[in-house]
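**Q**
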Amino acid sequence: MGLDIDNDLYPIVVTTWEGASTVADADRYIAHYEELTKQARTRNELLFFVTDVRDVTNAPPLVRQRFGTWIAQRPLELNQTAPVNLVLMRGRMMRGVLTAVAWVAGDLGNTRPVADFAQAKQVIRAQCHHLGLPVPATLERLGEPKKRSRQGGGTPASAA
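Be aware that the sequence shown starts at 505, since it is given in my numbering, and climbs by one per residue.
Structural data, given as structure tokens:
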């Protein structure tokens, strides 16, 4: 399993999952997410999470259960700090995984599936407009990992 968590576009956080997902990867993602949201709440900032699962080959039941339970326990905090969580997905398997997570969680809250990074940009722009917030300066660099520059970025030193 490959799991890359990229804070270089902060306040946009991009996570890329590849291969077969594991509970350890899920726990790493959740710990990172919780730490960033805690810091953002302290600074009165909003975050935008973009999770790319297009190259996941397997998401076992324990992983789905872990995410569903986590989402069910934290909906208020998720919605307060991250107005929208985007999941880039394709294929029936990942749609089924998201449905299973929603079933465990009871509701996905502010999690929305999108087809690609272009659609993710549109949703983030619309969400900023809806909330009366400026669009993050790093939004234009959001794109496929090979196209994103990992030089310079918005990551606060304490969030790295």
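By construction, the Cβ of each residue, glycine as well, lies at the ideal position given by its N, Cα and C atoms.
Please read these numbers as outputs of a predicted model, since none were measured by experiment.
(1) At which residues does the beta strand (DSSP E) containing Thr615 begin and terminate?
(2) Can you give me the C-alpha to C-alpha distance between Ala544 and Ala586, rounded to a whole angstrom?
(3) Under 8 Å between the Cβ atoms of Val588 and Gln623?
(4) Which of the three DSSP states is assigned to Leu507 in this structure?
(5) Short of 7 Å in beta carbon distance, which residues of its chain neighbour Val627, apart from the five on each side in sequence? Order them along the chain.
(6) Could you give the distance in angstroms between the alpha-carbon of Val567 and the alpha-carbon of Ala524?
(7) Under a Cβ-count criterion, where at least 16 other Cβ atoms within 10 Å of its own Cβ denotes burial, should Arg596 be classed as buried or exposed?
(8) So, using beta-carbon positions, are Ile575 and Val527 closer together than 8 Å?
(9) For Arg532, does the three-state DSSP call read helix, strand or coil?
(10) If I follow the unbroken beta strand (DSSP E) through Gly636, where does it start and stop?
(11) Do Leu507 and Trp521 have their CB atoms nearer than 8 Å?
**A** Based on what the coordinates show:
(1) Where Thr615 is concerned, the enclosing beta strand (DSSP E) stretches over 615-618.
(2) 9 Å
(3) No Cβ-Cβ contact shorter than 8 Å links Val588 with Gln623.
(4) strand
(5) Val588, Leu590, Arg616, Val618
(6) 10 Å
(7) exposed
(8) no
(9) In the structure shown, Arg532 sits in a helix (DSSP, three-state: H, G or I).
(10) Unbroken run through Gly636: none, as it is neither H nor E.
(11) yes
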